[in-house]
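Residue numbers for the sequence shown follow the numbering used here, beginning at 1 and rising by one.
For every residue, glycine included, the Cβ atom is placed at its ideal position computed from N, Cα and C.
Quick caveat: nothing in here was measured; it's all calculated off a predicted structure.
Worksheet: one structure, shown below.
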Amino acid sequence: MEAGTNCFEKEHLKLNDLRDRPESSGNTYLIDNGRIPEYPRPEIHVSHLKHDTDRQGLEGIKQSGGFEGKHDLVWWGLVVGGEELRSAEQRLLQETYPDRTEQQVQDQQSFLGKFASSPAFKESPTFGSYRFTFPLQELLEAYSLQFCGGQQPIMRMYHTRLYRQEVMYMVLVDSPANQEQFSEYPRLIDYPNAVCCYRDGRFIWRPEAMCGTHRYELFQKDETRQMEARPCSPHERYVWDNVGIVLHVKEDKLLEFDPVRLREKLKFCEGERPRHVNVNLDPNELLERLWPEEA
Numbered sequence: 001m002e003a004g005t006n007c008f009e010k011e012h013l014k015l016n017d018l019r020d021r022p023e024s025s026g027n028t029y030l031i032d033n034g035r036i037p038e039y040p041r042p043e044i045h046v047s048h049l050k051h052d053t054d055r056q057g058l059e060g061i062k063q064s065g066g067f068e069g070k071h072d073l074v075w076w077g078l079v080v081g082g083e084e085l086r087s088a089e090q091r092l093l094q095e096t097y098p099d100r101t102e103q104q105v106q107d108q109q110s111f112l113g114k115f116a117s118s119p120a121f122k123e124s125p126t127f128g129s130y131r132f133t134f135p136l137q138e139l140l141e142a143y144s145l146q147f148c149g150g151q152q153p154i155m156r157m158y159h160t161r162l163y164r165q166e167v168m169y170m171v172l173v174d175s176p177a178n179q180e181q182f183s184e185y186p187r188l189i190d191y192p193n194a195v196c197c198y199r200d201g202r203f204i205w206r207p208e209a210m211c212g213t214h215r216y217e218l219f220q221k222d223e224t225r226q227m228e229a230r231p232c233s234p235h236e237r238y239v240w241d242n243v244g245i246v247l248h249v250k251e252d253k254l255l256e257f258d259p260v261r262l263r264e265k266l267k268f269c270e271g272e273r274p275r276h277v278n279v280n281l282d283p284n285e286l287l288e289r290l291w292p293e294e295a
């Protein structure tokens, strides 16, 4: 575990709750010093998940035909791109100013993307250079058929992990047949103040800290029913939060997918290079070698 990391099992702690925990007292990024500029707190609806891996992991996935659990878990992240941010922005505006005129709607300039600057929103992977991106419903259906006997998987609050500057909320997806092992972990419930929940085939994420480094301040112009991002100085550093999803897959099991489907959902992330591998090997050549039938 990374030095200075604290893990709070079986709960999703919001920032104010984290500050109240004695274990968090030494984290300076978590301190609200009164200088953090105003920023938005949107509700983001996520319909796709991503799994990042390096060359060794990629070769293992191709050879086995799916995703193996590491310590009985397969890790996935939320996919939050331009479409998700635009929808969240419109949702936030509608909730804040439900009586906007058509002209006010047309005059509104996009602002939310300027605040989405933490690593949680970056396209490049934090681990490896190869990314599988699957629709959430496809993943859950595969998990249901292979591990739940066709029943709905159970979602639980796994833990909150406080790193030096990142707050990671983990959601555990498990089979109803395995309830005893995780019975002490609370179910993921859809309530208005939840950091993360599941609703209508999507994960709902309500980030409390989108920036990491705050370069903009949110201004609400109530007279014109507008929101605006204005540059601010100095740039204040603060925690940023993120959500991860772990599927419970025992180490002798496999979450399987058709090889063609795996290749369809795989991409090499440009600008990144796998670590500790032959940098002279072209990534596309590796993909063609692993999936010659798709070349």
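A distance below 8 angstroms separates the beta carbons of Asp52 and Pro125.
DSSP, read as helix, strand or coil, puts Pro135 in strand.
Trp205 is the residue among Glu83, Trp205 and Ser87 whose C-alpha sits nearest the C-alpha of Asn193. With respect to Gln146, Pro176 sits apart: the two C-beta atoms are not nearer than 8 angstroms. Its chain contains Phe111, Lys114 and Tyr216 as the residues whose beta carbon lies nearer than 6 angstroms to that of Ala229, once the 5 sequence neighbours on both sides are disregarded; these appear in chain order. Rounded to the nearest whole angstrom, the C-alpha separation of Glu208 and Gly69 is 30 angstroms.
Distances from the CA of Ile189 to each of Tyr158, Cys211 and Tyr163 were compared; the closest alpha carbon is that of Tyr158. Inclusion of Leu93 and Met227 in the CB contact set at 8 angstroms is warranted, their separation being smaller than that value. His71 is bridged by DSSP to nothing; it lacks a bridge partner. Shown here, Leu92 sits in a helix according to DSSP, grouped into three states. With contacts defined as CB atoms closer than 8 angstroms, Leu254 and Ser64 qualify as a contacting pair. For Glu288, the uninterrupted alpha helix (DSSP H) run begins and ends at Pro283 to Leu290, by DSSP. With respect to the 8 angstroms criterion, Leu58 and His248 are not classified as neighbours on the basis of their beta carbons. Ile36 is positioned such that its CB atom lies no closer than 8 angstroms to that of Tyr163.
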